[in-house]
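Residue 63 in numbering that gives the first Met the number 0 is what sits at position 64 of the sequence shown, and the numbering runs on without skipping anything. Beta carbons are placed, not taken as given, at the ideal position from N, Cα and C, and that holds for glycine.
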Amino acid sequence: MTGELSFFTPIGSTLALLAWSPGSATLKARGGMWEFESVDELVRNATGTDIPVSALFDWLAGIATTAPGWQADLSQMAAGRLNARRLSPEPAADLRVVLDR
Numbered sequence: 000m001t002g003e004l005s006f007f008t009p010i011g012s013t014l015a016l017l018a019w020s021p022g023s024a025t026l027k028a029r030g031g032m033w034e035f036e037s038v039d040e041l042v043r044n045a046t047g048t049d050i051p052v053s054a055l056f057d058w059l060a061g062i063a064t065t066a067p068g069w070q071a072d073l074s075q076m077a078a079g080r081l082n083a084r085r086l087s088p089e090p091a092a093d094l095r096v097v098l099d100r
């Protein structure tokens, strides 16, 4: 799987750029660049928590894939919004995605 994901601040400046391909992933943020062995490791380092990356891509495609400890709300995907909540392990975490279409 190959891809790229950009994160923006509310005023539109780039907060971070994540890019990945089989066997490598990079994070560009705060004037630096970091390399990782996988997109899962990159996301863990970028967010400080494990996020089910495979399930996240399914959720973004509107597929209600289950992920242990996570509950995804896809009811607003038509409006470009995804909400997911990690219930376990503690601490709880909220993931909110707004897509620019």
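{"Query": "As an exercise, report each continuous alpha helix (DSSP H) stretch of at least 4 residues that is fully enclosed by the stretch 38-73, in chain order.", "Result": "38-46, 52-59"}
{"Query": "On a CA-only basis, which of G2, D99, A63, A92 is nearest S37? Give me that one, please.", "Result": "G2"}
{"Query": "Per DSSP, what are the beta-bridge partners of M32 in this structure?", "Result": "K27"}
{"Query": "Taking L16 as the reference, which of G30, G22, I10 has the closest Cα?", "Result": "G30"}
{"Query": "So which of I10, D39, G61, A45 has the shortest CA-CA distance to V52?", "Result": "D39"}
{"Query": "Alpha carbon to alpha carbon, how far is R95 from T79? Give it in angstroms, no decimals.", "Result": "Note that residue 79 is Gly in the sequence shown here, rather than Thr. When rounded, the distance between both Cα atoms is 11 angstroms."}
{"Query": "Pull up the DSSP beta-bridge partners for T13, would you.", "Result": "F7"}
{"Query": "In angstroms with no decimal places, state the Cα-to-Cα distance between A18 and L55.", "Result": "15 angstroms"}
{"Query": "Please list the terminal residues of the continuous beta strand (DSSP E) segment that includes D93.", "Result": "92-97"}
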